[in-house]
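Undergrad: Dropping the structure in here first, questions after.
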Amino acid sequence: MKNEKGKLTEALKSANNWALKNLVGKKVYQKDIDNYINLNISGLNHAIYAKTYFEKIEMIYNVIELIEKSTLFSIEKDKKGRPDIKAIYRFVSNWKYKGKEYFIYIIVREVKQGKFYYDHGIIKEKP
């Protein structure tokens, strides 16, 4: 029987392989900004591996639908002041997983080459 760390490592590897085959290079239309969001390997890797937990990993399998149905929450300047990042878009949505409902966020970075998916996560579980 695998321990939690082993299961997490396996889930990460699976999600990464799936994202490489099914998401890299795709564009997803986002209604609130009337524009396309590009899915690239660096953003998907960040979303999968940064501050990871099982639910966050599972969200990658639904990322296209989550982007499409999310609502624009804010547009901000880059906190680190990097000149190549024009804006940070924050979106929110609901997501249901294993019978639980979550309030989630999605982060998109705008750079000279376009808008790129960067991260996602759970804000809180809905009561």
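With the working numbering applied, the sequence shown covers 9 to 135.
All C-beta atoms in this analysis are idealised placements derived from N, C-alpha and C, irrespective of residue type, glycine included.
Pairing CB atoms from the stretch 52-60 with CB atoms from the stretch 22-36, are three or more of them under 8 angstroms?
TA: Yes, the stretch 52-60 touches the stretch 22-36.
Undergrad: Please state whether the Cβ-Cβ distance between residue 96 and residue 111 is less than 9 angstroms.
TA: To locate residue 96, count along the sequence shown from 1; it is residue 88. To locate residue 111, count along the sequence shown from 1; it is residue 103. In this structure, residue 111 does not lie closer than 9 angstroms to residue 96 by Cβ.
Undergrad: Tell me the rounded alpha-carbon separation between residue 123 and residue 12.
TA: On the sequence shown, position 115 is the one that residue 123 refers to. On the sequence shown, position 4 is the one that residue 12 refers to. For residue 123 and residue 12, the distance between alpha carbons rounds to 35 angstroms.
Undergrad: Just list the beta strand (DSSP E) runs in the stretch 21-80, keeping only unbroken ones of 3 residues or longer that don't cross its boundaries, in chain order.
TA: Counting whole runs of 3 or more residues, the stretch 21-80 contains the beta strand (DSSP E) stretches 35-38 and 43-46.
Undergrad: Quick test of the definition: if touching needs 3 or more C-beta pairs under 8 angstroms, does the stretch 74-85 touch the stretch 93-107?
TA: Segments in contact, yes.
Undergrad: With distances taken Cα to Cα, identify the nearest neighbour of residue 15 among 116, 62 and 72.
TA: Your numbering for residue 15 matches position 7 in the sequence shown. Checked all of 116, 62 and 72; the closest Cα to residue 15 is 62.
Undergrad: Measure the CB-CB distance between residue 36 and residue 47 and report whether it falls below 9 angstroms.
TA: For the purposes of this step, residue 36 is taken as residue 28 along the sequence shown, with counting starting at 1. For the purposes of this step, residue 47 is taken as residue 39 along the sequence shown, with counting starting at 1. For residue 36 and residue 47, yes; Cβs fall inside 9 angstroms.
Undergrad: Below 8 angstroms CB to CB, which residues in the same chain sit around residue 44 once its five sequence neighbours on both sides are set aside?
TA: By one-based count along the sequence shown, residue 44 stands at place 36. If we look at residue 44 and ignore the five residues flanking it on each side, its Cβ neighbours are 35, 36, 37, 38, 122 and 123.
Undergrad: Compute the Euclidean distance between the alpha carbons of residue 32 and residue 49, then round it to the nearest angstrom.
TA: The sequence position of residue 32 within the sequence shown is 24, counting from 1. The sequence position of residue 49 within the sequence shown is 41, counting from 1. Answer to the nearest angstrom: the Cα atoms are 6 angstroms apart.
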